[in-house]
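*Asks:*
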Amino acid sequence: MIREIFLRSNMLGLMQNKQLLVSSIIDFADKNYGDVEIISKVNKTEKFIYNYSEATNRIKKLIQALNKLGLKKGDRVATLAWNDHRHFELYYAISSMGGVLHTINPRLFEEQIIYIANHAEDKILFFDESFSSLICNISKKLLTIDHYVIMQSHKSNPGIKLENLLSYENIIDQKNIDIEWPQFKEDDACSLCYTSGTTGNPKGVLYSHKSTLLHAWATATPDTLGISSSSVVMPVVPMFHANAWGLVYAAPMSGSKLVLPGSEMDGKSIYEIINDEGITISAGVPTVWLMLLNYMDEIKGSIDTVKNLVIGGSAAPKSMIKDFFEKYNVTVLHAWGMTEMSPLGTVSRLLPKHSKLSYEEKLNLSAKQGRAIFGVEMIITDDDGKLMPRDGSSFGNLKVRGPWITERYFKEDEPIVDKEGWFNTGDVATIDSDGFMQITDRSKDVIKSGGEWISSIDLENIAIGHEKILEACVIGIKDFKWDERPLLLVIKDKKSELTKKEVLDFFVGKVAKWWIPDDVVFVNELPHTATGKLLKSKLRDEFKGYKINN
Ligand code: AMP
């Protein structure tokens, strides 16, 4: 009787409570797709080829090695590496043993890398041989690293002077061992990625095993990226950008052949690896695909195996979607997401009812950022939080929520979601009656150039430091190759002479070279909001179509 009452009042499902862990992905691939290949480009001419079972063996050895180095559950391990098999192994070994994989973006300015590694309190840093001099330059300022591990094919000492330096192939040079995958909670952290897409210092986004697994699962489904055992998947998006958009998890989960293209991102290299390996689906930012298009135009090439190219990180221009389809029979999947969203939020795929639309209408829909994938809720609101209609023309602040969307940044007390759990993305968008979202503007003070962030505020602060500059404002200007480039508007001190060159030279050595504004415009005044902030939306409108003069 008591048992019946209990069952009635507390009707839990009677399923096994198996935790969703990252290790289950590679374990599954080992047991069910063990002979499926992983191709890794290790330098301009050489590839390393093995399969999921062989990768799993090396991952298990790496887990042993990390244990021997004293890594504890929850410890952060940094990587500074391109897309290759060792980085892949680190993805799985670190998370599977209970550590936190911290992928660092090597394109950041040295000071930012130092800040990020110290903030994360990384214990071990794995780095590609090509970053040796960077590491030597900054190692004295990295306060928490106990061991450095160089990722190179040979085991010998690389000839660089660095204390506590180990070699990757040396530490995993041990007998094949079978280990039980460590078990812990699916809500435990498995990886960490800093985003500079906010104001102030870069912010850490801490993913859990569960969020990573669910996101990869959703990514693979037919109406999202449609990844299966017949796919040949190549993440061109770097593995230090938001988990390579989940592809390094979705591919082994689906039994797909995985191709890791190394560091060469020029049109020719990408073209050759696509054709050598029979890629069916790849993903990256528009800048990379523009280089591929230009190269193919030049050599009259073709990419016959490719069905889909996923373009995201910045808006995919309609002309690019059209070129890929008309010239190369490739359907672009325009996708939108954020580091804070693991990252995938929407994909633009036409619905069956759209088959009747004209070619131009279909193209217009494909150029939108697309519809929410299962797991992501999405709304637009005005500045007071009032819901805006889904009519395709009203625009508002784009807000999202879901199980793979961040609630708060690493080591920050304040949540970044409102009372109802909505995260304000900083993008401004419309949503139509079919749920197709289109980004129309960005309210955050950052500029995206070639898939990487540039802080307009940092640039303004530097400019203001010039004795002849009274006020400065940096806005993003549309650029065909890079999507956006920074334009600096300055009010100079009328009493003194100041040239454009002088202003630009002032940035040298203070920021990464690619952050330096492309152009400087001297103005008499800058518009402000009622609270005294620069009114950038007005300036963006005013300078729309501005041609960089350099
Ligand atoms: P990140 O966190 O570096 O991945 O950057 C996320 C931001 O990139 C978004 O909030 C957008 O501002 C921008 N973004 C990403 N994908 C797209 C896209 N398809 N179209 C336009 N902007 C995009």
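Sequential numbering from 7 applies to the sequence shown in this note's numbering. The beta-carbon is built from N, C-alpha and C at its ideal position, and this holds for glycine as well.
In terms of residue numbering, what span does the alpha helix (DSSP H) encompassing Asn-370 cover?
*Replies:* Segment 365-372, the alpha helix (DSSP H) holding Asn-370.
*Asks:* Quick one: what does DSSP say Asp-184 is sitting in, helix, strand or coil?
*Replies:* Three-state DSSP puts Asp-184 in coil, outside helix and strand.
*Asks:* With a threshold of 16 other CB atoms inside 10 Å of the CB of Pro-505, please say whether the residue is buried or exposed.
*Replies:* First, the amino acid is wrong: residue 505 is Thr here, not Pro. Under this definition Thr-505 is an exposed residue.
*Asks:* Since Ser-325 is in the alpha helix (DSSP H), which residue starts that stretch and which ends it?
*Replies:* Where Ser-325 is concerned, the enclosing alpha helix (DSSP H) stretches over 324-334.
*Asks:* Suppose contacts are defined by Cβ-Cβ distances below 8 Å. Is Ser-462 in contact with Ile-445 by that definition?
*Replies:* No; because the gap between Cβ atoms is not below 8 Å, this pair is not in contact.
*Asks:* With H, G and I counted as helix, E and B as strand and the rest as coil, what does DSSP make of Ala-84?
*Replies:* In this structure, Ala-84 counts as strand in the three-state DSSP scheme.
*Asks:* Determine the contact status of Asn-57 and Gly-268, defining contact as a CB-CB distance below 8 Å.
*Replies:* Against a cut-off of 8 Å, the Cβ pair of Gly-268 and Asn-57 comes out as no contact.
*Asks:* State yes or no: is the C-beta of Leu-532 within less than 8 Å of the C-beta of Glu-477?
*Replies:* Cβ distance < 8 Å, so Leu-532 and Glu-477 count as in contact.
*Asks:* Nearest to Leu-465 by CA position, among Pro-523, Lys-306, Leu-18 and Arg-448, is which residue?
*Replies:* Nearest of Pro-523, Lys-306, Leu-18 and Arg-448 to Leu-465, Cα basis: Pro-523.
*Asks:* Could you tell me which of Asp-229, Asn-73 and Thr-201 sits nearest to His-247, measuring between CA atoms?
*Replies:* Nearest of Asp-229, Asn-73 and Thr-201 to His-247, Cα basis: Thr-201.
*Asks:* Given a threshold of 16 other Cβ atoms within 10 Å of its Cβ, counted over all protein chains shown, does Lys-405 qualify as buried or as exposed?
*Replies:* Its Cβ being crowded by 16 or more others within 10 Å, Lys-405 is buried.
*Asks:* Rounded to whole angstroms, what's the CA-CA distance from Ile-119 to Val-291? Just pull it up for me.
*Replies:* If I take the Cα positions, the gap works out to 22 Å.
*Asks:* Could you say which of Lys-191, His-340 and Asp-179 lies nearest to Leu-231 if we only look at CA atoms?
*Replies:* When each option's Cα is compared against that of Leu-231, the closest is His-340.
*Asks:* Let me check understanding here. Comparing Cα to Cα, which of Leu-140, Met-344 and Phe-115 lies closest to Val-514?
*Replies:* The shortest Cα separation from Val-514 among Leu-140, Met-344 and Phe-115 belongs to Phe-115.
*Asks:* Would you mind reading off the limits of the beta strand (DSSP E) that contains Trp-342?
*Replies:* Its beta strand (DSSP E) spans residues 337-343.
*Asks:* Check the DSSP bridge columns for Ile-287 and list the partner residues they point to.
*Replies:* Partner(s): Val-239 and Asn-314.
*Asks:* With DSSP as the reference, label Met-17 as helix, strand or coil.
*Replies:* Residue state, collapsed to three classes: coil.
*Asks:* Around the C-beta of Asn-23, are 16 or more other C-beta atoms found within 10 angstroms, so that it is buried, or is it exposed?
*Replies:* Exposed: under 16 other Cβ atoms inside 10 Å.
*Asks:* Report yes if the C-beta distance between Thr-225 and Ala-195 is below 8 Å; otherwise report no.
*Replies:* No, these two residues do not count as a Cβ contact at 8 Å.
*Asks:* Give the list of continuous alpha helix (DSSP H) stretches no shorter than 4 residues that lie fully inside the stretch 439-493.
*Replies:* Within the stretch 439-493, the complete alpha helix (DSSP H) runs of at least 4 residues are 462-470.
*Asks:* When the Cα atoms are used, what is the spatial distance from Gly-351 to Asp-438?
*Replies:* Each residue's Cα considered, the two are about 16 Å apart.
*Asks:* Please report the distance separating the alpha-carbon of His-108 from that of Gly-284.
*Replies:* Between His-108 and Gly-284, the C-alpha separation is close to 31 Å.
*Asks:* Taking Val-265 as part of the beta strand (DSSP E), name the residues at either end of that continuous run.
*Replies:* 263-266 is the extent of the beta strand (DSSP E) around Val-265.
*Asks:* Provide the residue(s) that pair with Pro-172 in DSSP beta bridges, ordered along the chain.
*Replies:* What sits at residue 172 in the sequence shown is Leu, not Pro. Paired residues: Val-155.
*Asks:* Shorter than 7 Å, the distance from the beta carbon of Trp-520 to the closest heavy atom of ligand 3, or not?
*Replies:* Here the bound small molecules are ligand 1; ligand 3 is not part of this structure.
*Asks:* Using three-state DSSP, classify His-91 as helix, strand or coil.
*Replies:* DSSP places His-91 in helix when its eight states are reduced to three.
*Asks:* For ligand 1, any of its heavy atoms closer than 7 Å to the Cβ of His-93?
*Replies:* For ligand 1, not one heavy atom lies less than 7 Å from the Cβ of His-93.
*Asks:* Taking 6 Å as the limit between beta carbons, can you name the residues of its chain near Tyr-39, skipping five residues before and five after?
*Replies:* Excluding residues within five positions, the ones whose Cβ falls inside 6 Å are Tyr-58 and Gly-261.
*Asks:* Within the continuous beta strand (DSSP E) that includes Leu-107, where are the two ends?
*Replies:* Taken as a continuous stretch (DSSP letters only), the beta strand (DSSP E) holding Leu-107 covers 106-109.
*Asks:* Is any heavy atom in ligand 1 found nearer than 7 Å to the beta carbon of Ala-226?
*Replies:* It does not: the Cβ of Ala-226 is nowhere closer than 7 Å to a heavy atom of ligand 1.
*Asks:* Give the single residue among Asn-63, Ile-110, Glu-473 and Val-265 whose Cα lies nearest to the Cα of Ser-237.
*Replies:* For Ser-237, the nearest C-alpha among the options comes from Val-265.
*Asks:* Between Thr-345 and Val-243, how many whole angstroms is the CB-CB distance? I'm expecting something under 8 Å.
*Replies:* So it is not a contact: roughly 12 Å between Cβ atoms.
*Asks:* Would the beta-carbon of Lys-454 be found less than 7 Å away from any heavy atom of ligand 1?
*Replies:* Answer for Lys-454: yes, Cβ within range of ligand 1.
*Asks:* Cβ of Arg-92 within 8 Å of Cβ of Tyr-174?
*Replies:* It is a contact, given that the beta carbons lie within the stated cut-off.
*Asks:* Report the residue ranges of all alpha helix (DSSP H) runs contained in full by the stretch 46-86; include only those spanning at least 4 residues, in chain order.
*Replies:* Within the stretch 46-86, the complete alpha helix (DSSP H) runs of at least 4 residues are 58-74.
*Asks:* I'd like the list of long-range same chain contacts for Glu-458, defined as Cβ closer than 7 Å, with 5 residues on each side in sequence excluded.
*Replies:* Answer for Glu-458: Arg-113, listed in chain order.
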